[in-house]
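Protein chains in written order, with my numbering: chain A, 201 to 463; chain B, 668 to 828; chain C, 704 to 1489. Here a beta-carbon is modelled for each residue, glycine too, at the ideal position from N, C-alpha and C.
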Amino acid sequence: MYNFDVERPGTVADAAAAMGREDAQALGGGQTLIPTLKQRLASPSVLVSLTGIAEMAGVCTTDDGQVAIGGATTHGAVARDAASLYPGLAGLASHIGDPAVRNRGTIGGSLANNDPSACYPAAALGSGATIITNTRSIAADDYFQGMFTTALEEGEIITEVRFPVPEVSDYQKFVQPASRFALVGVFVAKYAGGVRVAVTGASNDGVFRWSEAEAALSSDFSADAVKGLSLSGDNMISDLHGTGAYRAHLVGVMTGRAVTNAA
Amino acid sequence: MVQVSMTVNGRASSGEVEGRTLLSSFLRDDLSLTGTHVGCDTSQCGACVVHVNGEAIKACTMLAAEADGAEVTTIEGMANADGSLNVIQQAFQDHHGLQCGFCTPGMVMSAAALLKENPEPSETEVRDYLEGNLCRCTGYHNIVKAIMAASGQDVSSIAAE
Amino acid sequence: MPKDSGIGASTKRREDVRFLTGAGNYTDDINIRGQAHVYFLRSDVAHGTLDNVDTSAAEGMPGVVKIFTGADFEAVGGMPCGWQVTDKHGEPMQEPKHPVLAHGKVRHVGEPIAAVVADTLAQARDAAEAIVVDISDLPAVIDMKAAVSDGATKVHDDLTSNLCYDWGFVEENKAATDEAFDKAAHVTTLELVNNRLVANPMEPRVAVGDYARGTGDHTLYTTSQNPHVIRLLMGAFVLGIPEHKLRVVAPDVGGGFGTKIFHYQEEAFCTFAAKACNRPVKWTSSRTEAFMSDAHGRDHVTRIELALDAENNFTALRTETYANMGAYLSTFAPSVPTWLHGTLMAGNYKTPLIYVNVKAVFTNTVPVDAYRGAGRPEATFQLERVIDKAARELKVDPIALRRQNFVTEFPYATPVAVEYDTGDYVATMDKLEEIADLSGFDARRKASEARGMLRGLGVNCYIEACGIAPSNLVGQLGARAGLYESATVRVNATGGLVVMTGSHSHGQGHETAFPQVIADMIGIDESMIEVVHGDTANTPMGMGTYGSRSLAVGGSAMVRATEKIIAKAKKIAGHILEASDEDIELKDGTFSVAGTDKSLAWGDVTLAAYVPHNYPLEDLEPGLEETAFYDPSNFTYPAGAYACEVEVDPETGKVTIEAFTAVDDFGNVVNPMIVTGQVHGGLAQGIGQALLENCAYDENGQLLSASYMDYAMPRADDLPFYQVDHSCQTPCTHNPLGVKGCGEAGAIGSPPSVVNAVVDALQSAGKDVTHIDMPLSPARVWAAMQ
């Protein structure tokens, strides 16, 4: 790692101020950022640690019934504290990384990084969540802009994520055997207004909504409804662990399984 | 440089570190607690697992500065007060849950965290919980068995010598 | 009743206490006052001419002690190769120079170009980034068959081609083998890849060099399986330091699996730089560096053909293998695809004619050398796969086909130069059928199918040659070393004793198991015996631990030394008891005169040896310390039968191991708990090779699997509880313990049964799949089903 200063603000306001320093970088749980820094792929001058900000941690329900999760809430805390509020989301959180990673990694860190194989982007997009920052609110549909790319401005901090709670939901992850990130992950959520299906791990453009499946499932929420559908593998990630065609196939399989599990 | 103070294995410990100093480096190099091992640089092998404020974390993926003020427990703090092996450590020895010993500190620390959360885990639960701990020697059989035994379960039906 | 001590007891390991409490002493735990750290600047291109390495901007950077490049090592020897293979024309293999730091050219991603020694590792790395390296890219040589085609770019300009050797074995059998194929009733042919692997001991390599200017003594602390071998190779061939001025210490070592046998550049560098900088110099490999600097394993491309007569008897076997050497010859690389592979092609079967051809090829990849099993897994895999394929083609039961062709009489001289001293392949197969409940498989398959899963059963046998090795034999085969082992047994005055062994324990439990043997021989408690290993300063010259040899060879040396101790102790006892030493018996730690009630305790005799007041000083030297070197007269031949049951998810291609049973004949067993653990670990590595692990390069020589993000290590939830049995025991006939070795068996025996099982599962669903190359990742299995 190149050297850097570490700031540990106690409030969002202090964090935002610290982020104003030149080449500042927010540090969530660091479970992706620190390995990246070890490879010297980034050289921030200051890391602004967000994990000590009490107002950014925790899970609660908003007045309009959404589940609100502080940006610095760890995956482990979401798995535990959202279990009764939003089981599909808690289930997803309980399988990110491994237990030690879940005790550090945060939802804000994951969404800010927007790794194309990360799990949380599928939940946020699949739930139509709202990403709340220190300056504004961003709808998930506007937030994800391709792999490792988001709507966040420089210095902007994810303070909270609000999830409308679906009637039923499920996340199915088919793991890449080495990293255990999603080779393909599909989040399915059934709302009164329709079904959302978000896919991670598969596309060169990062997390995406599978609109064809959403339409089919909105009229018939069953695994059979998506059986006939197929995705093209053309714009899917193709690597050591699977071709684009394989990933496209898995999206169908995982969607079906998520529906069966959710129903 | 950053001044950090933490309680490690019940003892107040402090030092001056660079911002980039990892908790694993602070423990190994500054405090000479070399039981915490580093086996990878992508936060996957788990040889460096320690407890920070009671939770298992990977010490190679946390800055020492972030642990300022924390309660840290490492493998060196796990034995009974009289120096004898604790229940988990003893089960690892009894069931041959280690060979070269390099992954062992992380395994014991993860096992302790698991049993705190889940006092009587099933085989599947143990295997799932060890997702972030790699062992290249044992094939995991005896590690899983040792952890189940440490939880008080009867493991005599699990194949072994 | 299980024994509670001595040979045959599952004594708990004494070394565990330090490992479980964080009190181990691994090389990275060693910090010497004043030490500097080295960072190696490594090539990021696979092949190119090294036009310029400009260190000027880096020299003055903070903390920099000294920067080294290839030019600094011009006067120093290159990395030596310890085995010379002679090709089928009688010519020696092509042997390229292997510099400590790249000179003139870079030949693989990860090859060290420059080394920066600085006060801290971060400073060294900072300075390394300021070094300007000009490389003119050359085409990367990656594919082995292309590498040996006409006009291929050469990895080494001073060699005639990329062909290291073209080996034929046994060349005299070739014509007869070809003829047998012409006459065969059936020929089964299989083309396959034995995937490149990375050993990945959890402890990355570390080297700490130290130099005492006052005495001129060098010390190297290193993560090695064989410190004496490193001392000899590095001292004599690389740095020109005589052994008496060079001490090599391998303290607690966190796993080896073969990859810590070899002498590496970083060891030579730290030893050299400690003197040049007059400071201790430490290198700790990161995992990323390990992937591109530790010797890799396997990487064979093979075509195998099996000829059978009309009664399904094997009549001949013919193989052609391309074996990847990587860019340079690692220490024992040439021996792996030849003498550790061709000699095992008979397997457990009485095939009368065998011809093995191996072409070893240089490519722009990390050097390849021995990895757990080394050559024997490659032999076993192709043989047991082609037999399975033959059984399917002939529509006969694969187990019956194997049984029909088993070697049943011993000793058995194979047509590939080795002689099996003992074995009982029928017994291990019988045991396997029983404890793996093979008769219940059909019911289990139906249950899986009811859940929408495909179930497959795969069975295979294996044999290995280990307990490496008779020195005169391996000398004829090209080894540039002897392969004896040594032990010094030092008895102390009060009766405790220390075994100083040339073997090295890096997880195998020698500190526990070796004392079990001596405790039985003398009749004293195991706790009175201590094992010292890993330091050339206090152990006799020994060849170290690999090839499942420690107990069979090192343990035999220890037995011989202990026999000398007992013989001398009997003389002392005879003197004190006023009896002939021939009448003295030693039992349960007590010397007695046969037929009398006169006796002496072990401790009385050991005390007399060091306080020789009443002692035959005119005939016998005081003291009680003996050394023995043991050179085996043959290899040992562990063998067994393995069964794997898998489920395949037909929708995703994911394979799950549902059951794995290993029945091994290891001869006599000293510590069953440790032996079982060794099998477990081998199975995990074999199953890992079969399902998960894949070291892959792209066509430009970039390593695609350069971290645990892409190299799939087996995890706890990838593996089942294994069923392991070693009750079938045909003791080795030629070592004093009757032991064979167990370290590699699991890794050798398990891959074919996994692949056989997956093929069985797919065929049960009507898929026309006869082979899938390892690893059988979900993507590959799914693709095979389409």
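(request) With a cut-off of 8 Å on the beta carbons, I'd call residue 1128/C and residue 1342/C a contact; round off their distance for me. (result) 6 Å
(message) Can you tell me whether residue 1400/C is helix, strand or coil according to DSSP?
(response) strand
(request) Using a Cβ cut-off of 8 Å, pull out every chain A residue sitting near residue 818/B, in sequence order please. (result) Within chain A, no residue comes near residue 818/B; the closest Cβ sits about 16 Å away, beyond 8 Å.
(message) Measuring straight from C-alpha to C-alpha, what distance separates residue 248/A and residue 272/A?
(response) Cα to Cα, residue 248/A sits roughly 12 Å from residue 272/A.
(message) Per DSSP, what are the beta-bridge partners of residue 840/C in this structure?
(response) 751/C
(request) Taking only beta-carbon positions, decide if residue 201/A is within less than 9 Å of chain C. (result) yes
(message) Assuming residue 1287/C is part of the alpha helix (DSSP H), what are its boundary residues?
(response) Premise fails: residue 1287/C lies in the beta strand (DSSP E), 1287–1290, not in any alpha helix (DSSP H).
(message) Beta-carbon within less than 6 Å of residue 700/B's beta-carbon, same chain only, minus the 5 sequence neighbours each way: which residues are those?
(response) 694, 741 and 743
(message) Taking 7 Å as the limit between beta carbons, can you name the residues of its chain near residue 828/B, skipping five residues before and five after?
(response) Caution applies to residue 828/B, whose pLDDT of 48 falls short of 50 and renders its modelled position unreliable; the value that the coordinates give is listed next. Nothing meets the Cβ criterion.
(message) Once the 5 residues before and after residue 1443/C are set aside, which same chain residues still bring their CB inside 6 Å of it?
(response) 1339, 1341, 1369, 1370 and 1435
(request) Taking residue 1347/C and residue 1161/C to be in contact with their CB atoms under 8 Å, please state how far apart those CB atoms are, rounded to whole angstroms. (result) 5 Å
(request) Leaving out five residues on either side along the sequence, give the residues of the same chain with a beta carbon under 7 Å from the beta carbon of residue 356/A. (result) 333, 334 and 335
(message) Between residue 721/C and chain B, is the shortest Cβ-Cβ distance under 9 Å, so that the two count as touching?
(response) yes
(message) Counting only C-beta atoms, is residue 714/B closer than 9 Å to chain C at any point?
(response) yes
(request) Identify whether residue 205/A lies in helix, strand or coil by the three-state DSSP scheme. (result) strand
(request) Under 8 Å between beta-carbons, which chain A residues line up against residue 1408/C? List them in chain order, please. (result) 378 and 440
(request) Take residue 1196/C and list the residues in its own chain whose beta-carbon comes closer than 8 Å to its own, dropping the five residues that flank it on each side. (result) Answer for residue 1196/C: 1309, 1310, 1312, 1313 and 1314, listed in chain order.
(request) Please determine, among 780/C, 1300/C and 1284/C, the residue with the shortest C-alpha to C-alpha distance to residue 645/C. (result) With chain C covering only 704 through 1489, there is no way to say anything about residue 645/C.
(request) Could you confirm whether any beta carbon from chain C is found closer than 9 Å to the beta carbon of residue 723/B? (result) no
(message) Out of 1319/C, 1287/C and 1337/C, which one is the CA nearest neighbour of residue 1171/C?
(response) 1337/C
(message) Determine whether the beta carbon atoms of residue 968/C and residue 783/C lie at a separation below 9 Å.
(response) no
(message) Within 9 Å of any Cβ in chain B, is that where the Cβ of residue 740/C sits?
(response) no
(message) Taking only three categories from DSSP, how would you classify residue 321/A?
(response) helix
(request) With 9 Å as the threshold, decide whether the Cβ of residue 251/A is near any Cβ in chain B. (result) Yes, contact with chain B.
(request) Compute the distance between the beta-carbons of residue 982/C and residue 738/C, then report whether it is under 9 Å. (result) yes
(request) Can you check the stretch 913–980 of chain C for any beta strand (DSSP E) of at least 3 residues that lies completely inside it and give the ranges in chain order? (result) 920–925 and 949–952
(request) Please determine, among 350/A, 258/A and 427/A, the residue with the shortest C-alpha to C-alpha distance to residue 405/A. (result) 350/A
(request) Return no unless some Cβ of chain B is closer than 9 Å to the Cβ of residue 1477/C. (result) no
(message) Against chain B, which members of the stretch 902–916 of chain C pass a CB distance test of less than 9 Å?
(response) For the stretch 902–916 of chain C, the beta-carbon criterion of a distance under 9 Å to any beta-carbon of chain B is satisfied by 902, 903, 904, 905, 906 and 907.
(request) Have a look at the DSSP bridge pairing and note the partners of residue 729/C. (result) 955/C
(request) Measure from the C-beta of residue 234/A to each C-beta in chain E and report whether the shortest distance is under 9 Å. (result) Checking the listed chains, one finds no chain E in this structure; the protein chains it contains are A, B and C.
(message) Within 9 Å of any Cβ in chain B, is that where the Cβ of residue 958/C sits?
(response) yes
(message) Using a Cβ-Cβ cutoff of less than 6 Å, which residues in the same chain neighbour residue 1451/C once the five nearest sequence positions on both sides are dropped?
(response) 1076, 1079, 1080, 1083, 1165 and 1167
(message) For the stretch 1098–1116 of chain C against the stretch 1195–1211 of chain C, do three or more pairs of beta-carbon atoms, one drawn from each stretch, fall closer than 8 Å, so that the two count as touching?
(response) When Cβ pairs closer than 8 Å are counted between the two stretches, the stretch 1098–1116 of chain C is seen not to touch the stretch 1195–1211 of chain C, the count staying below three.
(message) If you measure between the beta carbons of residue 1182/C and residue 1038/C, is that distance less than 9 Å?
(response) yes
(request) Using the Cα positions of residue 711/B and residue 1221/C, report the straight-line distance between them to the nearest angstrom. (result) Residue 711/B and residue 1221/C have their C-alpha atoms spaced approximately 42 Å apart.
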